[in-house]
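> Numbering-wise, this note's numbering puts 355 at position 76 of the sequence shown, and it's gapless, one number per residue.
Please find one structure pasted underneath; my questions will follow.
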Amino acid sequence: MSKILIVEDEPKIATFIEKGLRSHGFMTAIAGDAKHALLMAIDGEFDLMILDLGLPGKDGLQILEELRGQGELLPIIILSGRDDIQTKVAGFEGGADDYLTKPFRFEELLVRLRVRLRSRDNHTNSDEIVLKIRNVTLDLRTRKVKVGDRSIELPAREFTLAETFFRHPGQVMSREQLLDRVWGYDYDPGSNIVDVYVGYLRKKLGSDLIETVRGMGYRLRS
Ligand code: CA
């Protein structure tokens, strides 16, 4: 099931989109300002973002710039009342995948959103079956791991943790983010399980592959 992040400060519009998407089987979450939008987008649990431009805090175009600047590939559809060509161009040049102006018909938003999700799926299937960093490769289809020519066995949880790092090379991942993605939200945040599993990965994949960033978390050296 696809999960959509709705960045919208107008509660009526946010709720309208949310209701429509949910009735079509999507999961949704709403961010009402730039700060939450950025935090939630970087968290990596969403498949697509619908982005309003006029927001409290930072403007939507700034959010776009920050996310793309960090290498975040999340598909983004701008949904804005601004219909001037300069803003549209800025949106596309800033890395938006689509641009829809308000007032809008929900059906049109839905169609565009589905197109974006489909092209993302195709991309994932064809281009990202094998993730490689240095001499370590993860085959996402067979779930086989190789270090150089050597095959390594990774249990499911370790593989998922490795995959999470490999999808965000060079990016600092906090313990909370890793817990959320690999173990699910219900895990005790005080647990040291992330550190233990990072230790397993270091032993199996190379001791200097994942570095500790003090007070912040871990980072895969790319
Ligand atoms: Ca707005």
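Backbone N, C-alpha and C fix where the C-beta goes; we use that ideal spot for every residue, glycine too.
In chain order, what are the residue ranges of uninterrupted alpha helix (DSSP H) at least 4 long that sit wholly in the segment 355 to 383?
364 to 372
> In chain order, what residues of the same chain lie with their CB nearer than 8 Å to the CB of E387, ignoring the 5 residues before and after it?
Here E387 has L379 as same chain residues with Cβ atoms under 8 Å from its own Cβ, once five neighbours each way along the sequence are excluded.
> Counting C-beta neighbours from all protein chains within 10 Å, is the total for Q365 16 or more, i.e. buried, or is it exposed?
exposed
> Would the C-beta of G333 count as close to ligand 1, meaning under 7 Å from any of its heavy atoms?
yes
> Tell me whether the segment 281 to 291 and the segment 316 to 326 touch, counting them as touching only if at least three CB pairs, one residue from each stretch, are closer than 8 Å.
The segment 281 to 291 vs the segment 316 to 326: in contact.
> Out of A316, D312, D331, L332, which has the shortest C-alpha to C-alpha gap to F325?
Looking at the Cα atoms, A316 is the closest of the given residues.
> Using the beta-carbon count (16 or more within 10 Å), is M328 buried or exposed?
buried
> Is it the case that the segment 411 to 422 contacts the segment 432 to 445, given that we only count it when at least three CB pairs across the two stretches are under 8 Å?
Yes, the segment 432 to 445 is in contact with the segment 411 to 422.
> Out of R460, G478, I292, which has the shortest C-alpha to C-alpha gap to G360?
I292
> Measuring from the CB of E289, is there a heavy atom of ligand 1 at a distance below 7 Å?
Result yes, Cβ under 7 Å from ligand 1.
> Would you kindly report the start and end of the unbroken alpha helix (DSSP H) that includes T443?
435 to 445
> Considering only the beta carbon of each residue, do R347 and G373 sit closer than 8 Å?
The answer is yes: Cβ separation under 8 Å.
> Starting from the C-beta of G339, find all residues in its chain whose C-beta is less than 6 Å away, skip the five residues before and the five after it, and write them out in chain order.
L330, D331, L332
> Name the DSSP beta bridge partners of I412, please?
Looking at the DSSP output, I412 shares a beta bridge with V415.
> Tell me whether N404 sits in a helix, a strand or coil according to DSSP, three-state version.
Unreliable placement is indicated for N404, whose pLDDT of 47 sits below 50; the coordinate value is still reported in the next sentence. When secondary structure is reduced to three states using DSSP, N404 falls in the helix class.
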